[in-house]
Amino acid sequence: MSVANDIPLDDLVDGIVSSHSKEYFREVYSSFNNGNYRAAIVGLWSVAVFDLHAKLCHLRDLFADKVASEVLDDLAQMNRTNPKSSEWETRLVEVAQARVGWIDIPTRDLLKNLQHQRHLAAHPVISAAGELATPSRDEVRAKLRLVLEKLLTVPATATSSLDIRVLEDLAGYSTFLRTKDDVAQFLRSRFLKHMSSTHLERLFRSLWKLVFLTENDDCDINRGINFMALSVVGERISQRPPALIHAEQGYYSRISANSHLLHMLVVFCAETHGVFQALGVDAQVAISGWIGDDLGRWCYATFLSPDIGAHLSAALERVKAGPVNCSVDVQGVVYLMKCCVSSDRLADDVHRLGIELYGASESFSVADARYRHLVEPFVGEWRELRYGEFIDISMANEQVLWRRRARTEYGEVAKLYCERFGRKLSIPDAAVWPCSDEYVEFQKSVFVENDDAGGRTGP
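The numbering used here runs 6 ahead of the 1-based position in the sequence shown.
Encoded structure:
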């Protein structure tokens, strides 16, 4: 026996979505409890038809759903053409399965059987024993449960056509939805609050494929906003993404070999705990192959370490061990640094990582980029000791020492240092060339004599 069949009918009645459908069903349920089984069957079919029609109206009126609007127009035309015919009722059940997706094929067939039983109960069909056709109590109970479980307790939004509407609206508003918070507010207000857990899981499944597998012009244009939507939906579903992915590992492990898509998947794995581990071995191998020995890519992959602090420490050790294979685009390193810098415990290692990687620059252009991304945003938060390390690293690498921008940038660092730690240096116009007398003065000032030999404070 299924878990659903263990739920008492009274509890299922409480879960009916539509207040009108609930009121009408209670009339049917009262007939059943009083032993009026023919009346219960007749009324149950009417409630089922009403609920399907009301769901279509809900989609049309609230979401401007095209499929729902077309179906309602077709049904209205059928009624106008032959107002005495009940053919439109049969058509309604068929489109609920074929076009809208509320019910599956077995449920469609069971509802058609309910319609047949309704005809037998409503018309004077006399048996061989000279009695009206009357369903048994168990037969009626089974049909009550069917309509409750498969229809009345299912929200109108549990339809594949609404998934399409979500995607269309995301694409249409992508110009205005620039951040994840924007996307979250938009989806919550317009769609998510109307969706059941089952529908949210289905939407997550669809978005996953669009973001990490499908490649065409539309997907490429909307991949960024769909990625944010995937993250928002993943946070809202009751069964967390790792559990969903593990349950359908084959589906979720089918990923593109496109480098950009793999990059997005790595970021999603980093931001959603447990996803990487839930994927199949084939997907994990593909991700690991994309990361390779590139430090920038590896920095994104925080899921490869026990925790974010361990990942930061490992990145720092890799840079210090050198040489590192890290492209001029250091956004992966920036990603890791931003993940950690707000932690008092990790901030100093963040600063050390930026200084070390800057000092390992292999060209003027690389040094320029790394200074801009890894040094400049953080220099105002350094401990005094880190300014000394910054000087040592600058003096040890000509690609850092003699780049054109160094005069201005180092002057700004020196001025900032003086302001933060109360130093006074004769620095003309913030122009400190690394080998000038002024720079030597700056260099000496960050050495604090704490014993006879002289040394720096800190570790």
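Think of the CB as a built atom: it goes at the ideal place given N, C-alpha and C, for glycine as much as any other residue. From a predicted model like this one, the values you see are computed outputs, not experimental measurements.
query                                                                                                 : result
Rounded separation between V106 and S203 - CA only                                                    : 18 Å
L236 and W214 closer than 8 Å at C-beta                                                               : yes
Stretch pair the region 218-232 + the region 259-268: three plus CB contacts closer than 8 Å          : yes
7 Å CB neighbourhood of S24 in its chain, flanking five on each side removed                          : D57 and A60
Alpha carbon of A436 to alpha carbon of E415, nearest angstrom                                        : Residue placement at A436 is poorly supported in this model, since its pLDDT is 45, which falls under 50; the coordinates still yield a value, given next. Answer to the nearest angstrom: the Cα atoms are 9 Å apart.
Complete alpha helix (DSSP H) runs within the region 305-393 (minimum length 4 residues, chain order) : 314-327, 337-346, 353-365 and 370-376
Local Cβ density within 10 Å of H26, reported as buried at 16 or more and exposed below that          : exposed
Which of helix, strand or coil DSSP assigns to G41                                                    : coil
Same chain, Cβ closer than 7 Å to V334, five either side skipped, listed in chain order               : Confidence at V334 is low in this model, with a pLDDT of 49, below 50, so the placement of that residue should be treated as unreliable; the coordinate-derived value is given next. Only S371, V372 and A375 meet the Cβ criterion.
Cβ shell of V281 (< 7 Å), same chain only, five flanking positions each side left out                 : P247, P248, I251, F274 and C275
Length of the line joining the Cα atoms of G428 and L363                                              : 28 Å
Exposure of G49, with buried meaning 16 or more beta-carbon neighbours within 10 Å                    : buried
Helix, strand or coil at L407 according to DSSP, with G and I counted as helix                        : helix
Minimum Cβ-Cβ distance from Y35 to chain C less than 8 Å                                              : No chain C is present in this structure, which holds just one protein chain.
Rounded separation between V238 and K186 - CA only                                                    : 8 Å
E174 to L267 span [Cα, whole Å]                                                                       : 21 Å
Whole-angstrom distance between L15 and H129, CA atom to CA atom                                      : 28 Å
Per-residue DSSP class, three states only, for D16                                                    : helix
Selection from G360, G386 and D79 that minimises the alpha carbon distance to H379                    : G360
A366 vs V325 beta-carbon contact at 8 Å                                                               : yes
Check whether E155 and L18 have beta carbons under 8 Å apart                                          : yes
Simplified DSSP state of A54, which is helix, strand or coil                                          : helix
Residue from R66, L209, N403 and R124 with nearest C-alpha to A162                                    : R66
Proximity below 8 Å, CB of F233 to CB of M270                                                         : yes
Candidates K90, R44 and E100: closest to T140 by CA position                                          : R44
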